[in-house]
Ligand SMILES: [Zn+2]
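Here it is, written out as C-alpha cells:
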C-alpha cells in the first residue's frame, strides 16, 4: 500500500459538509480523483434559514442521510453521517426564538439525531459545542450548561460527539476534559473538530481530534505526534458554500496532505511499517473506534 513514500490505502476526511445547491457530488469527484476513500458527511446548517421546529430538523437530517446514499450510489467510497444542531444555530436562535425556546429546540434536535444514530442512519452527534466567537457572559454560561447537558446524554447513550468549540489553545482542551469527567463521557469518543495540528497529549488532554490540515499543519503534526497518545484524524470542514469557495479547506486537501505526511516521514527515515501503521490508524482503524 506504500510505494516510495506514496500511500495507496484508505484516506478519510472526517468532517465535510455538502450542499445540493453548490458543488455537491462534484466535490466528492475531486476528492476521489486524488485518492479519497471515506468521509464523514456532517449536517450543514443554513444560518440564513434555520429550522424553527423539530419537524424541520427532521427534514434536514433526512436530507443529509439521503445525500450520503446518493454519494454511495455514485462513488465507491465509505460515507458515514454525523447529525446534530450547530452551536451557532442555537446562539443565533436566541435572538429569534428567545433563550428558553432556542435551548428547548436544540435539545430536541439532539434527541432526534440520537434517534437517527440508533436507527443506524448516522454514527455520531455533531457538530455540537459552543460558539467559537465572543458572546456575552450569560450566553456563554448557558452554552456551557447546554453542552454539559448534551454530553450527559451522549455519555448515557454511549454515542460519540464531534465538538465545535472556540480556539483557546490548551485551555479549550482542558475544559473539554473537565466536561468529560463531569459527565462520564469517554475522552476517546469526544472528538474536537477543527483542531489545531498539535498532537502532544499534554496539549490534547487525551481528547480525540480531527485536525484542520491547512498549510504548515503537516510539519507541526510531525513535530508533535511522537508525544501523542490520543486518537486523531484529518478534516477539511469543506463548507460547499458558493460565497466561500474552497472554505474552510477544499475537498482535495486531506488526500494531498496525507501524501505530504507520508513523503515527509519517508524522508525522515521512518520505516514503511511505521508509515503504514499510522496511515491505517488515522484513516481506518481509529475512525472505527471513535464513531459508534
Ligand atoms: Zn463543520
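Numbering (the numbering used here), first residue to last: 16 to 307. No residue lacks a Cβ here, since even glycine has one placed at the ideal position from N, Cα and C.
- DSSP assignment within the segment 169-200 yields the following whole alpha helix (DSSP H) runs of 4 residues or more, N-terminal first: 184-198.
- Placement of the Cβ of residue 275 at a distance of 7 Å or more from every heavy atom of ligand 1 is found.
- A Cβ-Cβ contact shorter than 8 Å links residue 42 with residue 255.
- A buried status is given to residue 228, since no fewer than 16 other beta-carbon atoms sit within 10 Å of its beta-carbon.
- Judged by their CB atoms, residue 120 and residue 112 are nearer to each other than the 8 Å cut-off.
- Comparing C-alpha distances from residue 144 to each of 271, 265, 89, 160 shows the shortest one belongs to 160.
- Assignment of residue 162 by DSSP, reduced to helix, strand and coil, places it in the helix class.
- Look at residue 30: its beta carbon is less than 7 Å from one of the heavy atoms in ligand 1.
- Between residue 243 and residue 223, the C-beta spacing is not below 8 Å.
- When only Cα atoms are considered, residue 186 and residue 88 end up about 43 Å apart.
- Contact annotation: residue 304 and residue 26 have beta-carbon atoms that are not nearer than 8 Å.
- According to the DSSP assignment, residue 109 belongs to the alpha helix (DSSP H) that extends over 102-112.
- For residue 269, the distance from the CB to the nearest heavy atom of ligand 1 is not below 7 Å.
- In the structure shown, residue 125 falls within a helical segment according to DSSP collapsed to helix, strand and coil.
- Residue nearest to residue 219 within the set 190, 272, 197, 230 is 190 (criterion: CA-CA distance).
- Residue pairing by DSSP leaves residue 40 without any beta bridge partner.
- Where residue 29 is concerned, the enclosing beta strand (DSSP E) starts and stops at 27-31.
- When the five nearest sequence neighbours on each side are left out, the beta carbons in the same chain lying within less than 8 Å of the beta carbon of residue 221 are those of 192, 202, 203, 244, 245, in order along the chain.
- By the Cβ-count criterion, residue 213 is buried, with 16 or more other Cβ atoms from all chains shown falling within 10 Å of its own Cβ.
- In the DSSP assignment, residue 56 falls within the unbroken beta strand (DSSP E) covering 53-57.
- Ranking 262, 282, 72, 107 by CA distance to the CA of residue 250 puts 262 first.
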